[in-house]
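Worksheet for the structure shown next.
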Amino acid sequence: MAPIGTLTGPMGNPRNNKVRIVAQFLGIELNTTPDFVMNVDNKKEEYIAKFPTGKVPAFEGANDFRLVDSSAIAYYVASQAGSNSPLLGQTAEETAEILQYMFFAEADFMPALAGTLYPIFGFMPYIKPAQQYSEEQCFRFLGVLDAILLNKTFLVGE
């Protein structure tokens, strides 16, 4: 099977990895950019010409089809497995639930996780009340997911 396009971004980047995991799980080939340097390559004129926001990761497929945002790219990659893709849901309701959890992860959980861990890793200043709030949010969100998964194998479907 030929690659469906190129995923541009640094190897090891969590948002890049999300897309690569979806592709690998579904047996979909992607070209990658193993030599990509964050905050260097995505600021180059040719990158900005293709992806004006400069966001990473980015995807370029056939016919100049381009996406940024790892969730949008992951969803597109999952859709390339066809209508029976196990990652998209079998009904409109399941698809909506899947999107709900994707948006929850991006908008709620990841910022809380970053606010908890980035000060520890030295990526941002440690401000005790902010870090404690982020940590409390992480535990609250994990508690919600734990309660859902107590009696289910998957967040959506079975």
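The opening position of the sequence shown corresponds to residue 2 in the numbering used here, with each subsequent residue numbered one higher. Glycine residues also receive a C-beta, built at the ideal position from the N, C-alpha and C atoms. Predicted, not measured: the structure shown is a model, and the values here were computed from it.
Just to confirm, are residue i and residue j a CB contact at a threshold of 7 Å?
| i | j | result |
| --- | --- | --- |
| residue 29 | residue 78 | yes |
| residue 31 | residue 8 | yes |
| residue 95 | residue 6 | no |
| residue 107 | residue 157 | no |
| residue 43 | residue 55 | yes |
Applying the 10 Å Cβ sphere with the 16-neighbour rule, what's the burial state of residue i?
| i | result |
| --- | --- |
| residue 11 | buried |
| residue 17 | buried |
| residue 84 | exposed |
| residue 57 | buried |
| residue 127 | exposed |
| residue 140 | exposed |
Taking the alpha carbon of residue i as the reference point, which residue from the options has its own alpha carbon closest?
| i | options | result |
| --- | --- | --- |
| residue 145 | 109, 121 and 95 | 109 |
| residue 2 | 54, 27 and 156 | 27 |
| residue 64 | 51, 149 and 76 | 51 |
| residue 15 | 72, 66, 43 and 46 | 72 |
| residue 103 | 4, 19 and 33 | 19 |
| residue 34 | 44, 106, 45 and 59 | 59 |
| residue 131 | 13, 40, 76 and 114 | 114 |
| residue 25 | 86, 92 and 41 | 86 |
| residue 74 | 93, 100 and 91 | 100 |
| residue 133 | 120, 124 and 143 | 120 |
| residue 111 | 142, 49 and 66 | 142 |
Between residue i and residue j, which are expected to be in contact by the criterion C-beta below 8 Å, what is the C-beta distance as a whole number of angstroms?
| i | j | result |
| --- | --- | --- |
| residue 154 | residue 135 | Not quite, the Cβ-Cβ distance comes to about 29 Å (not below 8 Å), so this is no contact. |
Segments of 4+ residues assigned as alpha helix (DSSP H) that fall wholly inside the stretch 48-122: 71-80, 93-105 and 111-122
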